[in-house]
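Heads up: the structure comes next, in structure tokens.
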Amino acid sequence: MSIWKNERLEDKIIEILKDVNFKPNQNHHFGKPFLTPYQLAFELKKRYPETVENLNSCKDIGGEGSGNYNSLPQYLAGQISQHYQSMKARGVEGAFLSGNDLKELIFDRDIKSSVRDVSLFRYNRDFDESQ
């Protein structure tokens, strides 16, 4: 069985995405905010440190200039993309932030995104889980 399945990463990521709200108005007409793989990695590491520890070669956040080519955000983005049909069936939406005219994207801890076209994920609050 894969680490993805053993660690129930799909369930954990969906839980994180469900918990994200737009602070000023959680019922905003745009729906729930999107998260980048970096933001998902920060939250996964905070909530489930033992799960991240079990990921071995891809447990670091990485970022531009880190020299880490197997980072947790890359792993998460790749796995979500690979399992997108099952995650979409459970209410997850994916999108991209265009790199057009984007110089850098800097996260807490001074981590810069190493890619310019960043994948984004969110939970669709209008999704009916009883389907």
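Under our numbering, think of the first position of the sequence shown as -11, with each following residue one higher.
All C-beta atoms in this analysis are idealised placements derived from N, C-alpha and C, irrespective of residue type, glycine included.
Assign arginine 113 to one of three DSSP states: helix, strand, or coil.
coil
Would you call alanine 29 buried or exposed, if buried means 16 or more other Cβ atoms sit within 10 Å of its Cβ?
buried
For the alpha helix (DSSP H) that contains valine 40, what are its first and last residues?
37 to 41
With DSSP as the reference, label phenylalanine 30 as helix, strand or coil.
helix
Taking leucine 5 and leucine 32 to be in contact with their CB atoms under 8 Å, please state how far apart those CB atoms are, rounded to whole angstroms.
Contact flag wrong, Cβ pair sits at about 11 Å.
Look at the alpha carbon of histidine 71 and the alpha carbon of proline 61, and state the distance between them as a whole number of angstroms.
15 Å
If you follow the beta strand (DSSP E) that glycine 87 is part of, which residue opens it and which one closes it?
That residue, glycine 87, is in no beta strand (DSSP E); it is neither H nor E in DSSP.
Work out the CA separation of serine -10 and leucine 93 for me, nearest whole Å.
31 Å
Cα-Cα, which of Lys(-7), Asn15 and Phe115 is closest to lysine 76?
Phe115
Measuring alpha carbon to alpha carbon, tell me which of Leu108, Ile68 and Glu(-2) ends up nearest tyrosine 36.
Glu(-2)
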